[in-house]
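Inspection log for the structure reproduced underneath, given as structure tokens.
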Amino acid sequence: MSEGAYLSAQDISFGWNEEEQPVLNSVSLEIARGQTLAILGPNGAGKTTLLSILSGRLRPRAGAVQLDGRPLASYSARERARHIAFLPQLEKLAFNYRVLDFVLMGRTPHMETLALPGLEDEAAAREALISLGMSAFEARSIGELSGGEFQLVRLARCLAQGASILFLDEPASMLDPAHARHIADALQALTQSGKTIIYTTHDIGLGIFLGGRALILGGSEVRWRGSAEQLRDPQMLAEVYGISFSIKELPSAF
Amino acid sequence: MNFQPIPCPKSRAGTPRAFDGVLVGILLVVFVLSLFVGRYPKPGILNPALLAVDPLARQIVLNSRLPRVLGAVLLGLVLGGAGASLQAVFGNPLIDAGFLGVSQGAAFGAALALVLGLRAYSLIAVLAFGMSLLALILSLWLAGRFRYGGQILRLILAGLAVSAFFSSLLSMMKYVADPLNQLPDIVFWTMGSMVPMNWKRLESAAPVALLSLGLLYAMRWRINLLSLDDAVAHSLGVRSTTERRIVGIAAAAGVGVMTAACGVVGWVGLVVPQIVRTIDGPDSRSVLPRSMLGGAIFVLISDTLARSVFSGEIPLGLVTSLFGALSFAILLTRRKVELAR
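Same order as they appear, the protein sequences are chains A and B.
Under this note's numbering, the first residue of the first sequence is numbered 102, with each subsequent residue one higher.
Under this note's numbering, the first residue of the second sequence is numbered -11, with each subsequent residue one higher.
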């Protein structure tokens, strides 16, 4: 592990069962504090699995994840939650909480186990909503939000969590261009404020827009890695994805 | 870009704290009224002045009605609290202890105790609680193995299967029970009744019931977190499986001992939290205590009606099922049940 790595993974392998082809095979990566990393790759390439392993939700079959010089597995659940926030692509919600209460749940790692959120926590939750331009929604019920608004509220919950690393699974997919751009702008502001952001996406445009580093998974391995700017190379993309790419001038939100 | 919301007609800002006071007030009024409503010396309300002069009136109010009324309150608190917590932590607004087989498990356990000749309440309670816990574990295990339907449907189907399983075991107990001594007890008990409640039973059931209530109440914020998607709960440092088990066991323990004491009383845990959530949303910080209070009011009114409307007593479980099923039907047709977005 190099000196500058904040989060690193060495030779990560993972499979859902022993007989089948592993989802990930000997994947290594390093991320410095404050860096942005886009994880791309075809459907089923293991992007979400990699995110789940790096964020401590799944244990790798082999290899280890280190956070800030310590094995991630040695962190307590609360300690880990103060460093790492994970936002799944889809989120099932059985009850339509009020937006502010929903964002308040992000404060949990900063509260005693049986404590209720206090005024400080409410202030942090409100601040998170304000930073995403969502403060006017705080008294709404989640059920009244559009998909884009819900995504912003979920991101606000991650911000309220105060973690230094955000793992975001497809943060801007299935959103209209305006909301996708709003999310992208918010993520860009977060990288500038020093957050480490690791996200999966199919949108090469988003990767280039947010900048930083990028890697492409394929066939359970890292097929390519480089700077996000290098994602502009149609030849590289053609090799990785197996289809031809062309550079066109099309309307884009990014 | 405009991210300003359309003005919201029914803003839910702020919790109407006054509402909690109103619930406590209603419970107190119903509590006091229940002590004096009955069929002695004639149907209607007993004149409190009689307590000073009539030893029988004193005996009835203090040794018969008071433990019964307190028992009904405790039963309602437990059923409302258990229903609200189970619905939240299993992310399913359409379940309660009865739907997960907990009540039927407890019923079978108690019937088994009666058939084995174990008449001590503590033994009945232990068997009832053990079986209710077994039923809960079976329901959850089965729901995880089903290959049909979504998460909510699977849990309901698993609960249905487990409930039916324990119901048939219960029928078997009825079949082998002594028709003169044991059978009437079992049958009466499955319909739920506060008749057998006395100070002794109340004293032995109360510690476990209060412990269960206290634990659920203390965990009301965790219960919110447990209702979230597992990946999100994990990200927030919640150990979902362990904490969900703690809530499940606490709820099953409360329902188990109260069911052992007064039989199967259904629908309270399903309907009361539903009504409470329509007031100002699903936040367990308020839903849990309000479901407990609402459950207590519901059971207490039902029990007072059950023992005073007719000269013969109606089993409590029949009254709560009647009101519960009716209000559930009304709630669902008015689309007040908030399901997943």
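Every residue, glycine too, gets a C-beta built ideally from N, C-alpha and C.
All of these numbers come straight from a predicted model, not from anything done at the bench.
- The beta-carbon of A/Asn118 is placed no less than 8 Å from the nearest beta-carbon of chain B.
- Residues of chain B whose Cβ lies closer than 7 Å to the Cβ of A/Met206 are, in chain order, Asn212, Leu213, Leu216, Leu224.
- Chain-order list of chain A residues neighbouring B/Met280: empty, with the shortest C-beta distance near 17 Å, by a criterion of under 9 Å.
- Residue ranges of uninterrupted beta strand (DSSP E) with 3 or more members, entirely inside the region 286 to 346 of chain A and ordered along the chain, are 297 to 301, 314 to 319, 322 to 328.
- With a threshold of 8 Å between beta carbons, A/Asp169 makes no contact with chain B.
- DSSP, reduced to helix, strand and coil, places A/Phe187 within a strand of the structure shown.
- Across the set A/Leu130, A/Thr302, A/Ser353, the C-alpha of A/Ser353 shows the shortest separation from the C-alpha of A/Ala279.
- In this structure, B/Trp255 keeps its C-beta atom at 8 Å or more from the C-beta atom of B/Thr321.
- Listed along the chain, the chain A residues whose CB falls inside 8 Å of the CB of B/Met207 are Leu215.
- At a cut-off of 8 Å, the C-beta of A/Gln252 has no neighbouring C-beta in chain B.
- Per the coordinates, the alpha-carbon of B/Val18 lies some 44 Å from the alpha-carbon of A/Glu228.
- When DSSP states are grouped into helix, strand and coil, B/Ser272 belongs to the helix group.
- Between A/Pro210 and B/Leu224, the C-beta gap is smaller than 8 Å, which places the two residues in contact.
- Taken through DSSP and simplified to helix, strand or coil, A/Asp270 comes out as strand.
- Those residues of the region 98 to 127 of chain B placed with their C-beta closer than 9 Å to a C-beta in chain A do not exist.
- Using a Cβ distance threshold of 8 Å, B/Ala197 and B/Leu15 do not count as a contacting pair.
- Interface annotation for the region 270 to 287 of chain A against chain B: Ala279, His283, criterion Cβ-Cβ distance under 7 Å.
- By the 16-neighbour rule on beta-carbons within 10 angstroms, A/Ala174 is exposed.
- Exclusion of the five residues before and after A/Arg134 leaves Tyr107, Thr297 as the residues of its chain whose Cβ lies within less than 7 Å of its Cβ.
- In the displayed model, A/Ser129 falls within a strand according to three-state DSSP.
- Within the same chain, Asp270, Glu271 come within 6 Å of A/Gln190 by CB-CB distance, once the 5 residues on both sides are set aside.
- Residues of chain B with a Cβ closer than 9 Å to the Cβ of A/Ser265 do not exist; the shortest Cβ-Cβ separation is about 14 Å.
- Flagged as an interface residue toward chain A: B/Asp271, by a C-beta distance shorter than 8 Å.
- One finds nothing in chain B with a Cβ atom closer than 9 Å to the Cβ of A/Ala224; even the nearest lies about 16 Å away.
- It is roughly 16 Å from the alpha-carbon of A/Glu131 to the alpha-carbon of A/His184.
- Out of A/Leu267, A/Ser129, A/Gly248, A/Tyr198, the CA that lies nearest to the CA of A/Arg324 is found in A/Ser129.
- A/Ser242 is bridged by DSSP to A/Arg199.
- In the same chain as A/Asp334, and ignoring 5 residues on each side of it, no C-beta atom comes closer than 8 Å to its own.
- Taking one beta carbon from each stretch, the region 22 to 42 of chain B and the region 206 to 216 of chain B have fewer than 3 pairs nearer than 8 Å; the two do not touch.
- Residues of chain A with a Cβ closer than 8 Å to the Cβ of B/Arg227 are, in chain order, Ala178.
- Residue burial annotation: B/Val10 is exposed, with fewer than 16 other C-beta atoms found within 10 angstroms of its C-beta.
- The Cβ atoms of B/Ala98 and B/Ala116 sit closer than 8 Å to each other.
- Under DSSP, A/Arg171 takes part in a beta bridge, and its partners are A/Leu168.
- Separation of A/Leu152 and B/Tyr163 (C-alpha to C-alpha, rounded to the nearest whole angstrom) is 57 Å.
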